[in-house]
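**Q**
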């Protein structure tokens, strides 16, 4: 039996409304050893053999993606490598100014995963939900979206970088919503906000004037 709660978040379309979304409560992570034990039940393989096959799957997937392939595991989904600039490298500009980025400046920054519908359907068919008495902390900002953007812009006038944690303190948003909103400012023309780094090391910076 899995539990869920209804979590309040700000509408990222900036309508000023608060929305409720169902969220499953993840109690713990099922690791490789436990997964291997579960897979071994009712099969002709023992858990050690399955761990070995999973490791072989890992190395083979890495080799194929390194060669420029996406990998599809039937019933599971598609894995595709995602490129990123190495830390400290500036993005190449469309106007031809600045340095061009060569292969030495680029690395695999992440792996995108798109779940197969069969996996989603299988999880859904087995899932039995009940509402949890646990309630998530409500994170409602007292500032409007325009005011939050202005706070971020003013912060970058006197600081070299803005982290998600900084934005949480500035705005009162929850960390997840704060991260999503910062990414939305990157796409907003005239926001004056850019980013540096990747993944958990991503920070937000003042956009350089072109």
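Numbering (the working numbering), first residue to last: 19 to 228. The beta-carbon is built from N, C-alpha and C at its ideal position, and this holds for glycine as well. The structure displayed is predicted, hence computed values, not measured ones.
Is the Cβ-Cβ distance between residue 174 and residue 224 less than 8 Å?
**A** Result yes, Cβ atoms of residue 174 and residue 224 sit closer than 8 Å.
**Q** May I have a chain-ordered list of the alpha helix (DSSP H) segments no shorter than 4 residues that lie completely inside the segment 146-199?
**A** Whole alpha helix (DSSP H) segments, 4+ residues: 163-176, 182-189.
**Q** Would you report the Cα separation of residue 72 and residue 167, rounded to the nearest angstrom?
**A** For residue 72 and residue 167, the distance between alpha carbons rounds to 45 Å.
**Q** To which residues does DSSP link residue 131 through a beta bridge?
**A** Per DSSP, 97.
**Q** Quick one: grab the DSSP three-state call for residue 76.
**A** If DSSP states are grouped into helix, strand and coil, residue 76 belongs with the helices.
**Q** Based on the DSSP secondary-structure assignment, which residues constitute the bridge partners of residue 23?
**A** Beta-bridge pairing links residue 23 to 41.
**Q** Look up residue 206 in the DSSP assignment and say whether it is helix, strand or coil.
**A** Coil, per DSSP.
**Q** Tell me, which residues are paired with residue 211 by DSSP?
**A** Paired residue(s): 224.
**Q** Could you spell out where the alpha helix (DSSP H) holding residue 62 opens and where it closes?
**A** Here residue 62 belongs to no alpha helix (DSSP H), and DSSP marks it neither H nor E.
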